[in-house]
Structure formats: C-alpha cells, structure tokens
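J.: Sequential numbering from 373 applies to the sequence shown in the numbering used here. For reference, the structure I am asking about is given below.
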Amino acid sequence: MKFLSDLTTLLVILGGLNWLAVALGVNVVEELFGSWDWLVTTIYWLVGLSALYQVFDKFFGTGASVKSKAL
Numbered sequence: 373m374k375f376l377s378d379l380t381t382l383l384v385i386l387g388g389l390n391w392l393a394v395a396l397g398v399n400v401v402e403e404l405f406g407s408w409d410w411l412v413t414t415i416y417w418l419v420g421l422s423a424l425y426q427v428f429d430k431f432f433g434t435g436a437s438v439k440s441k442a443l
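Rendered as structure tokens:
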C-alpha cells in the first residue's frame with residue numbers, strides 16, 4: 373500500500389502543478405498529450421481518483437488508523 377500511496381501523492385502533486393500552469397495560461401497535459409484525447413482524459417481521471425484515494429486514506433484508511441492506535 374505504500375507504493376500506491378506514494379504514486380497517488382505524486383499524481384496529486386503533478387495535478388496541482390498543472391493547475392498552477394493553467395492559471396498561468398499553459399496546460400501542460402494538453403500541450404504534451406493534446407492530440408490523444410483519450411490519454412488526456414485518462415490522466416485527468418487518474419489525478420482525480422488519486423485525490424479521492426488520498427482523502428479517504430487520510431480520514432478512513434491507514435492515516436486515521438495509525439493515529440487511533442497511538443492514543
């Protein structure tokens with residue numbers, strides 16, 4: 373599960389940096405993979421699902437259970 377947590381963390385960070393780039397007028401994902409609409413959509417899905425995984429892991433998964441065991 374550590375690998376999945378690290379992977380989703382990386383995807384969320386990259387997604388956040390892409391949103392910063394969008395605010396500055398450049399969409400990095402569209403620039404790199406714009407000709408492949410299915411790949412752009414897949415990347416956005418993976419980033420979104422990674423964010424959901426991080427939220428659930430933080431509040432309901434290993435992150436929350438580690439805190440409760442320490443008490």
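Here a beta-carbon is modelled for each residue, glycine too, at the ideal position from N, C-alpha and C. A quick note: this is a predicted structure, and the numbers were derived from the prediction, not measured.
Quick one: residues in its chain with C-beta nearer than 6 Å to the C-beta of F405, no 5 flanking neighbours on either side, listed in chain order?
T.: For the purposes of this step, residue 405 is identified with residue 33 of the sequence shown, where counting begins at 1. Hits under 6 Å: L411 and V412.
J.: Given a cut-off of 8 Å on the beta-carbon distance, is the pair L383 and L418 in contact?
T.: Translated into positions along the sequence shown, residue 383 becomes position 11. Translated into positions along the sequence shown, residue 418 becomes position 46. Yes, they are a contact pair.
J.: Starting from L404, follow the alpha helix (DSSP H) in both directions and report where the run begins and ends.
T.: The residue given as residue 404 occupies position 32 in the sequence shown. That run of the alpha helix (DSSP H) goes V400 to F405.
J.: In three-state terms, what does DSSP make of G433?
T.: On the sequence shown, residue 433 is found 61 positions in, with the first residue counted as 1. Coil.
J.: Just the C-alpha distance for V400 and F431, rounded to the nearest angstrom, thanks.
T.: Your numbering for residue 400 matches position 28 in the sequence shown. Your numbering for residue 431 matches position 59 in the sequence shown. The straight-line gap from Cα to Cα measures roughly 31 Å.
J.: Just tell me which of L376, T380 and K374 has its CA closest to the CA of A361.
T.: The structure shown does not extend to residue 361, since the chain is modelled only from 373 to 443, so the question has no answer here.
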